[in-house]
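Number of protein chains: 2
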Amino acid sequence: MTDQPTRAAPTSADVARRAGVSRATVSYVLNDSGTARISDATRARVLAAAADLGYVPHAAARSLRSGRTRMVLLPYPSTPMGPLVYGFFAALRHSLAERGYAVASFGGPHAPGGLDTARGWAELRPAALLVADGAALTPEGVDLLRRSGVGALVAFAPRPVPGVHTVLADQCRVGAAAAGRLLARGCRRLGVVVPETAAAQGLGLSRLRGAEEAAGARVERLDLACTEESAARLAARWPALGLDGVFAYNDEYAMLLMRALQDAGVDVPGRTAVVGAGDLLLGRLLRPRLTSVRIGLPDASRLAALIDELVADPGAVPTVVGELKIEVVARESA
Amino acid sequence: MTDQPTRAAPTSADVARRAGVSRATVSYVLNDSGTARISDATRARVLAAAADLGYVPHAAARSLRSGRTRMVLLPYPSTPMGPLVYGFFAALRHSLAERGYAVASFGGPHAPGGLDTARGWAELRPAALLVADGAALTPEGVDLLRRSGVGALVAFAPRPVPGVHTVLADQCRVGAAAAGRLLARGCRRLGVVVPETAAAQGLGLSRLRGAEEAAGARVERLDLACTEESAARLAARWPALGLDGVFAYNDEYAMLLMRALQDAGVDVPGRTAVVGAGDLLLGRLLRPRLTSVRIGLPDASRLAALIDELVADPGAVPTVVGELKIEVVARESA
DNA sequence: TTGAAAGCGCTACCAA
DNA sequence: TTGGTAGCGCTTTCAA
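Listed in order, the protein sequences are those of chains B and Z. Numbering-wise, the first sequence is residues 1 to 334 according to our numbering. Numbering-wise, the second sequence is residues 1001 to 1334 according to our numbering.
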């Protein structure tokens, strides 16, 4: 411990005392309040005092008193974020910051979307909440959040969530689009990769289901970990599997699998066609160039505008406010 | 139920009224306070009332009253996060959550590390602050944060930051290690890629400087955008550049450049050796396999433990608390 | 075992 | 143009 006296953080009362004015005046000056007109001399004294003391307003006190927050909560999804989602989050942070919101991402290893999680979000009394993983939102959770004063409640979910503005994001459609492409190319026996990572498995299973719905019983589930060894093992089984088309979950797994198949002497796409998802740059750098399912997320600035409106008018009736654009980008691998 | 629950969020006073007890009792029950012993009957009544009303405590009010927070602030760095940093952040969130902290990531388009940014962080009165981009932390900013009560102040920075527990993270060393590898292989004229993206340029220039310090004047700066076109343009100039070794900023840029060089008929590593950074899985999938600079981040759980200690004893003298482990993973490309 | 009451730091209404 | 002041919702000491 240093022998320096630990000075407590200065409060607005300290600033007022130093400037020789009241706390109200300090508040007026520091918030540039239009209601009260402060003389330039007083204003300067207050500002100087605040700067001298290194005054920093207390966000919790402010929001407690004012009853509202300019915070948008953007919890981390339970599935690992790829560059796609990460880029979207960054763009959204940017757009919302332009509108004067602070975007906060929280995320622990909690069960996503459950009542406890919803309570944890509600405790922060955010102005808006955007849930990437909206399927897990329960009606009780939605009710809790609404009653706690969350103005804008937006979720990505496969189907409309009652009481919530929903962006339709059905991962099945990704699998269906991939399977559709493979079937159109004449593939008869399809494989679909499901990541072994627990966190990514939910997404993988949704995509698998979509492929099954599109291709019927001609689909084989392929569990794959994100390692060269796992891919090599899968590739070694390939002749026995007898698959002529595979949807590899996403572009990264596709790169992993394609490399293993090529190393095992399986011609792509001649013997087996491969489809990825995400349409990342890396797919265009592979040889053969990777056919991929493009996943078009909503426009971040438009979503920010929507959130802004909903915060201003929290009574708006929840509707479907957007949808993922799913399309196959055909290249050489399938 | 005699009356409809109000639209406004119920407070602990509402719970107290419904349970027929005082607000103090409600607080005791809901916080499992050891100081006061509450009869089981009362406890049950309070819990039932809270559940009925959908009571959610108000985090701001709680932290205002108690004067402390269990929040660790982990602002987004100004440089775009790769999978390396993202994974580290996720692990840290996990470790800190185990210790009862909520990790919050904020990030707007603020000037990183400036005084305004520091004030923005200080307003939240976090228990701890971990700055990835510590070089921009000014002494005034550090002072402000300290005085606002931040217990643990930890930063990643190229050199020790006064008043801050620093993890030494000098990006020059990445460039130096790459250049060292290339020189050891006998390369005479080196290129170093600097990303054109504004956000990544700072990191790129640091790595370039490190390479220059290691290799003297034999280094050529190569600006490259993250697109195939940009890479093709660079590759077309390659014969004129006369370089026999290149450090490509990171593994992704290395993949991009290597593909362009190969398409332009430049043999890798025969004609030009290529080194990446980050040691991602994708480097092992490329042919030739990518030589890469591994960047070992600190152990997340150890860092979480340190933060926990510092929160408990905020007077601890700031020291260097760790260092990036930089090592070259030699493969085929260099 | 429970209740009354004093604030935490701040904003905003109402007087002066 | 400025000051007094009443709370926002919560925790916690002290009394009952």
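Using N, Cα and C, we set each Cβ at its ideal position, and we do this for glycine too.
DSSP three-state label for residue i, please.
i: Pro1080 of chain Z; result: coil
i: Asp244 of chain B; result: coil
i: Arg294 of chain B; result: strand
i: Val219 of chain B; result: strand
i: His58 of chain B; result: coil
i: Ala225 of chain B; result: coil
i: Val1210 of chain Z; result: A quick correction: the sequence has Gly, not Val, at residue 1210 of chain Z. Of the three classes helix, strand and coil, the one that applies to Gly1210 of chain Z here is helix, per DSSP.
i: Gln4 of chain B; result: With a pLDDT of 39 at Gln4 of chain B, under the threshold of 50, the modelled position of this residue cannot be trusted; read the value that follows with caution. Correct three-state label for Gln4 of chain B: coil.
i: Ser1039 of chain Z; result: coil
i: Pro158 of chain B; result: coil
i: Val150 of chain B; result: coil
i: Gly322 of chain B; result: strand
i: Val103 of chain B; result: strand
i: Val1317 of chain Z; result: coil
i: Ala128 of chain B; result: strand
i: Val266 of chain B; result: coil
i: Val1164 of chain Z; result: coil
i: Gly34 of chain B; result: coil
i: Gly114 of chain B; result: coil
i: Glu1098 of chain Z; result: helix
i: Asp133 of chain B; result: coil
i: Ser63 of chain B; result: helix
i: Val1068 of chain Z; result: According to the sequence provided, residue 1068 of chain Z is Arg. The question's Val does not apply to it. Coil at Arg1068 of chain Z, not helix or strand.
Whose CA, out of the options, lies closest to the CA of residue i?
i: Gly1180 of chain Z; options: Z:Arg1159, Z:Val1161, Z:Arg1218, Z:Gln1201; result: Z:Arg1218
i: Glu1123 of chain Z; options: B:Gly265, B:Tyr55, B:Pro126; result: B:Tyr55
i: Gly216 of chain B; options: B:Leu208, B:Ser27, B:Asp223; result: B:Leu208
i: Pro1162 of chain Z; options: Z:Ala1104, Z:Arg1070, Z:Glu1327, Z:Leu1145; result: Z:Leu1145
i: Glu332 of chain B; options: B:Leu303, B:Val268, B:Leu310, B:Pro314; result: B:Val268
i: Val154 of chain B; options: B:Arg188, B:Leu310, B:Ala330, B:Lys325; result: B:Leu310
i: Pro77 of chain B; options: B:Ser95, B:Val321, B:Val131; result: B:Val131
i: Leu324 of chain B; options: B:Thr35, B:Leu286, B:Gln171, B:Gln201; result: B:Gln171
i: Thr291 of chain B; options: B:Val15, B:Ser66, B:Ala277, B:Gly202; result: B:Ala277
i: Leu1261 of chain Z; options: Z:Ala1177, Z:Pro1288, Z:Ala1330, Z:Thr1197; result: Z:Pro1288
i: Thr227 of chain B; options: Z:Gly1204, Z:Arg1284, Z:Trp1238; result: Z:Arg1284
i: Glu212 of chain B; options: B:Leu182, B:Ala225, B:Ser39; result: B:Leu182
i: His94 of chain B; options: B:Val328, B:Val321, B:Ser301; result: B:Ser301
i: Arg119 of chain B; options: Z:Ala1128, Z:Leu1222, Z:Pro1057, Z:Val1150; result: Z:Pro1057
i: Gly1270 of chain Z; options: Z:Ala1236, Z:Arg1045, Z:Ala1334; result: Z:Ala1334
i: Leu1282 of chain Z; options: B:Arg188, B:Arg294, B:Arg259; result: B:Arg259
i: Val399 of chain B; options: B:Gly149, B:Gln201, B:Ala236, B:Ala50; result: Here chain B comprises residues numbered 1 to 334, so residue 399 of chain B is not present and cannot be evaluated.
i: Gly19 of chain B; options: B:Leu47, B:Gly265, B:Tyr28; result: Looking at the sequence provided, one finds Ala at residue 19 of chain B rather than Gly. Ala19 of chain B has its Cα closest to that of B:Leu47, out of B:Leu47, B:Gly265, B:Tyr28.
Span of the alpha helix (DSSP H) holding residue i?
i: Pro1139 of chain Z; result: 1139-1147
i: Gly283 of chain B; result: 281-285
i: Ala1024 of chain Z; result: 1023-1030
i: Val174 of chain B; result: 172-184
The beta strand (DSSP E) spanning residue i covers which residue range?
i: Val1311 of chain Z; result: Segment 1300-1312 is the alpha helix (DSSP H) holding Val1311 of chain Z; no beta strand (DSSP E) there.
i: Val328 of chain B; result: 325-329
i: Gly1276 of chain Z; result: 1273-1277
i: Ser1012 of chain Z; result: Note, Ser1012 of chain Z: premise wrong, no beta strand (DSSP E); alpha helix (DSSP H) at 1012-1019.
i: Leu261 of chain B; result: Unbroken run through Leu261 of chain B is the alpha helix (DSSP H), 251-263; no beta strand (DSSP E).
i: Leu1124 of chain Z; result: First-last for Leu1124 of chain Z: undefined, no H or E at that position.
i: Leu1190 of chain Z; result: 1190-1195
i: Leu73 of chain B; result: 71-73
Taking Cβ-Cβ distances below 7 Å as the criterion, which residues of the stretch 1056-1067 of chain Z are in contact with chain B?
Those residues of the stretch 1056-1067 of chain Z that come within reach of chain B (Cβ to Cβ, closer than 7 Å) are Val1056, Pro1057, His1058, Ala1059, Ala1060, Ala1061, Ser1063, Leu1064.
The stretch 1312-1330 of chain Z contacting the stretch 1251-1261 of chain Z, beta-carbon criterion three pairs below 8 Å:
In short, these stretches do not touch, since the Cβ pair count stays below three.
Name, going along the chain, the residues of the stretch 146-162 of chain B whose beta-carbon falls closer than 7 Å to a beta-carbon of chain Z.
The stretch 146-162 of chain B vs chain Z, Cβ under 7 Å: Arg147, Ser148, Gly149.
Name the residues in the stretch 247-271 of chain B whose C-beta lies less than 8 Å from a C-beta of chain Z; which are they?
The stretch 247-271 of chain B vs chain Z, Cβ under 8 Å: Glu252, Met255, Leu256, Arg259.
Along the stretch 1115-1128 of chain Z, what residues have a CB closer than 7 Å to any CB found in chain B?
Answer in chain order: Arg1119, Ala1122, Glu1123, Leu1124, Arg1125.
Closer than 7 Å between beta carbons: that is the criterion. Which residues of the stretch 34-55 of chain B meet it against chain Z?
The stretch 34-55 of chain B vs chain Z, Cβ under 7 Å: Gly54.
Against chain B, which members of the stretch 1203-1229 of chain Z pass a CB distance test of less than 9 Å?
For chain B, the residues of the stretch 1203-1229 of chain Z that bring a beta carbon within less than 9 Å of one of its beta carbons are Cys1226, Thr1227, Glu1228, in chain order.
Taking any Cβ of chain B, which residues in the stretch 1277-1294 of chain Z have a Cβ under 9 Å from it, in chain order?
Listed in sequence order: Leu1281, Leu1282, Arg1284, Leu1285, Leu1286, Arg1287.
Is there contact here, the stretch 189-196 of chain B with the stretch 242-251 of chain B, by at least three beta-carbon pairs under 8 Å?
Segments in contact, yes.
Would you call the stretch 27-34 of chain B in contact with the stretch 83-99 of chain B, where contact means no fewer than 3 C-beta pairs closer than 8 Å?
Touching, no, given that fewer than three Cβ pairs across the two stretches are closer than 8 Å.
Using a beta-carbon distance cut-off of less than 9 Å, what residues from the stretch 127-141 of chain B approach chain Z?
Cβ contacts with chain Z come from Glu140.
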